[in-house]
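Novice: Take a look at this one; I'll ask things after.
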Amino acid sequence: MTDDVLSTDQVSALKTTVAGLMPGLRADLEALTRIPSVSLDAFDQAHVEASAEATAELLRAEGLDVEIVREGGRPAVIAHIDGPQGAPTVMLYAHHDVQPPGDDADWDSAPFEPTERDGRLYGRGAADDKAGIMAHLAALRAHRGALPVGVTVFVEGEEEIGSDSLPTILERHGEKLRADAIVLADSTNWAIGEPALTTTLRGLIRVVVTVTTLDHGIHSGMFGGAVPDAITALVRLLATLHDDTGAVAIAGLRSGTASDLDFDEARLREESGLLDGVDVIGTGSLLDRIWAKPTATVIGIDAPSVAKSSNTLVPTASAKVSIRLAPDEDPMDAYAAVQRHVEANIPWGARVEVHLDDQGSGFAADANGPVYDQTRAAFTDAWGVEPVDIGVGGSIPFVAAFAEKFPEAAILVTGVEDPDTRAHGANESLHLGEFEKVCVAEAILLARLGALPR
5 MTDDVLSTDQ VSALKTTVAG LMPGLRADLE ALTRIPSVSL DAFDQAHVEA
55 SAEATAELLR AEGLDVEIVR EGGRPAVIAH IDGPQGAPTV MLYAHHDVQP
105 PGDDADWDSA PFEPTERDGR LYGRGAADDK AGIMAHLAAL RAHRGALPVG
155 VTVFVEGEEE IGSDSLPTIL ERHGEKLRAD AIVLADSTNW AIGEPALTTT
205 LRGLIRVVVT VTTLDHGIHS GMFGGAVPDA ITALVRLLAT LHDDTGAVAI
255 AGLRSGTASD LDFDEARLRE ESGLLDGVDV IGTGSLLDRI WAKPTATVIG
305 IDAPSVAKSS NTLVPTASAK VSIRLAPDED PMDAYAAVQR HVEANIPWGA
355 RVEVHLDDQG SGFAADANGP VYDQTRAAFT DAWGVEPVDI GVGGSIPFVA
405 AFAEKFPEAA ILVTGVEDPD TRAHGANESL HLGEFEKVCV AEAILLARLG
455 ALPR
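Numbering (the working numbering), first residue to last: 5 to 458.
Structure representation (structure tokens):
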């Protein structure tokens, strides 16, 4: 519980104000969504530049001092406006780059033409994370001319490709970003009508495992049965990553414990699309498995395709393995554990190399104190129900980077998504009713933080 720093009338007035802003917010969101700002090198980066400029213009229109910064990567936008004397400063984070759309045929409408169906707005980036940008704009517009706190907005341009230049941005521009509270709008809510504060995120390592058994390919009929091929050796090695239940069998990896929320197998199957008859894998509670325990997923294999294969013992084959980590696991400790596991399970004396492709730390918040109290109260004001604390099984390494750079700041991981958003997939969408509640919550949060005793 928290003291009532805002009156019922103040809360009601902000709800009314945000409701009046929604048509303009939606129009601006649709305009941003039409910019195909995919940050991968294979795509036209002029669109990412255009997205940064469009974001900067939206912030300038609200009276913020704005600059576009580039520190060896994609353009990021930093903007600031002072609040009342002595008021806290809140930093609002989002990102303007998006994932590739994939095959247009998988979409029910054009990925970069926002389209409403059944109360949802479909389009690549309509949720992840251009709706995050617009939630921040909603809070600024709701308090236009009378901001209760100082506000810094940081909109990154390469979150979807790993935020490689973020450490340099934090090093060179960190003082501009320093704040008492940091709102990172890049997560999800528990369900439609049920808000959530994300308090844990899993870490990540990606490794490439390469197995070699021959110095050249040879006839499978002439030598098969005595000479091992690389693909079969690789498959046997990958099979050792899990036990018979499907739980990760890499010794030395840590496991955590998730929030005790009601989440049954039927909901898991519905949200994931798990086919009838396919077993759920692993051990422990379902939320432990998807939020707090390690995973090992083979996400790619380099080997001859079925269509182009020949009757040959393949000499070398590689697999990329994505390994999610408990929120408090050190990624390099995990990498060492993977190396030990591979070395202990090499089949038939094959030559095996393990290469670290990427790594990122998890996050676990101590979600207590007045800022967290006011955040939960703002969510309750907006939704009419109390929020829950959730974990997210995915990895957002920049959250840990902010927590390390600004250890005194309260880190608030919020989101515009819901279990049916399908971020990164075809038919990504934003629930428009929930989006309005997100905007209301952020506007109320700024008011609540500004009303705290100084």
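For glycine and all other residues, C-beta sits at the position ideal for the given N, C-alpha and C.
Just reading off the alpha helix (DSSP H) that G129 is part of, what are its end residues?
Specialist: That residue, G129, is in no alpha helix (DSSP H); it is neither H nor E in DSSP.
Novice: List, from N- to C-terminal side, the alpha helix (DSSP H) runs of 4 residues or more that fit wholly inside the stretch 130–167.
Specialist: Here the runs fully enclosed are 134–146.
Novice: Return the CA-CA distance between V213 and A131, expressed in angstroms with no decimal places.
Specialist: Looking at the two C-alpha atoms, the distance is approximately 34 Å.
Novice: Is there contact here, the stretch 153–168 with the stretch 89–104, by at least three beta-carbon pairs under 8 Å?
Specialist: Result yes; three or more Cβ-Cβ pairs closer than 8 Å.
Novice: In chain order, what residues of the same chain have a beta carbon less than 7 Å from the beta carbon of F439, not counting five sequence neighbours either side?
Specialist: Counting only Cβ-Cβ distances below 7 Å, and skipping sequence neighbours, we find A135 and V420.
Novice: Out of G373, L29 and A341, which has the shortest C-alpha to C-alpha gap to R210?
Specialist: R210 has its Cα closest to that of A341, out of G373, L29 and A341.
Novice: Between the beta-carbon of A300 and the beta-carbon of V231, is there less than 8 Å?
Specialist: Cβ distance not < 8 Å, so A300 and V231 don't count as in contact.
Novice: Any idea what DSSP makes of K324, helix, strand or coil?
Specialist: In this structure, K324 counts as strand in the three-state DSSP scheme.
Novice: How big is the Cα-Cα spacing for T203 and V417?
Specialist: Roughly 7 Å separates the two Cα atoms.
Novice: Please state whether the Cβ-Cβ distance between A189 and A139 is less than 8 Å.
Specialist: A contact, by the Cβ cut-off of 8 Å.
Novice: I'd like to check one pair, A200 with I394: are the Cβ atoms closer than 8 Å?
Specialist: Closer than 8 Å, so yes.
Novice: For G304, name the three-state secondary structure that DSSP assigns.
Specialist: DSSP places G304 in strand when its eight states are reduced to three.
Novice: Would you mind reading off the limits of the beta strand (DSSP E) that contains S191?
Specialist: Where S191 is concerned, the enclosing beta strand (DSSP E) stretches over A185 to T192.
Novice: Would you verify that the beta carbon of P92 is, or is not, closer than 8 Å to some beta carbon of chain B?
Specialist: Although the question refers to chain B, the structure presented lacks it and comprises just one protein chain.
Novice: Kindly list the residues whose CB is nearer than 6 Å to the CB of A321, restricted to its own chain and excluding five residues on each side of it in sequence; keep chain order.
Specialist: Correct list, in chain order: V215, A234, I235, L238 and A307.
Novice: Judging by CA-CA distance, which residue of A183, S276 and T192 is the nearest neighbour of A83?
Specialist: For A83, the nearest C-alpha among the options comes from A183.
Novice: Using only alpha-carbon positions, find the residue among S313, A31 and G288 that is nearest to E117.
Specialist: Answer by Cα proximity: A31.
Novice: Check for me: the alpha helix (DSSP H) holding S16 runs from which residue to which?
Specialist: Taken as a continuous stretch (DSSP letters only), the alpha helix (DSSP H) holding S16 covers T12 to T37.
Novice: Between E75 and the rest of its own chain, which residues show a CB-CB distance below 7 Å, the 5 nearest in sequence each way excluded?
Specialist: Counting only Cβ-Cβ distances below 7 Å, and skipping sequence neighbours, we find S169, T172, I173 and R176.
Novice: Assuming G364 contacts P401 (C-beta within less than 8 Å), just tell me the rounded distance between them.
Specialist: Contact holds; Cβ gap of about 3 Å.
Novice: At which residue ranges does the stretch 413–442 contain complete beta strand (DSSP E) runs of 3 or more residues, listed in the order of the chain?
Specialist: The qualifying runs are 414–421 and 433–435.
Novice: What did DSSP end up calling M5 once you bin it into helix, strand or coil?
Specialist: Since pLDDT at M5 reaches only 45, below the 50 mark, its modelled position is unreliable, and the value read off the structure follows with that caveat. Coil.
Novice: Taking only the alpha-carbon atoms, compute the straight-line gap between I466 and G256 and give it to the nearest angstrom.
Specialist: This structure cannot speak to residue 466, because the chain is shown only from 5 to 458.
Novice: Contact defined as beta carbons within less than 8 Å: I believe R458 pairs with Q378. What is the distance between those atoms, to the nearest angstrom?
Specialist: Not really, about 14 Å apart at Cβ, beyond 8 Å.
Novice: How many Å lie between S43 and D362 at the Cα?
Specialist: Near 17 Å, if we compare the C-alpha coordinates of D362 and S43.
Novice: Is the stretch 280–298 touching the stretch 255–271, taking contact as three or more C-beta pairs under 8 Å?
Specialist: Because the criterion of three Cβ pairs below 8 Å is met, the stretch 280–298 and the stretch 255–271 touch.
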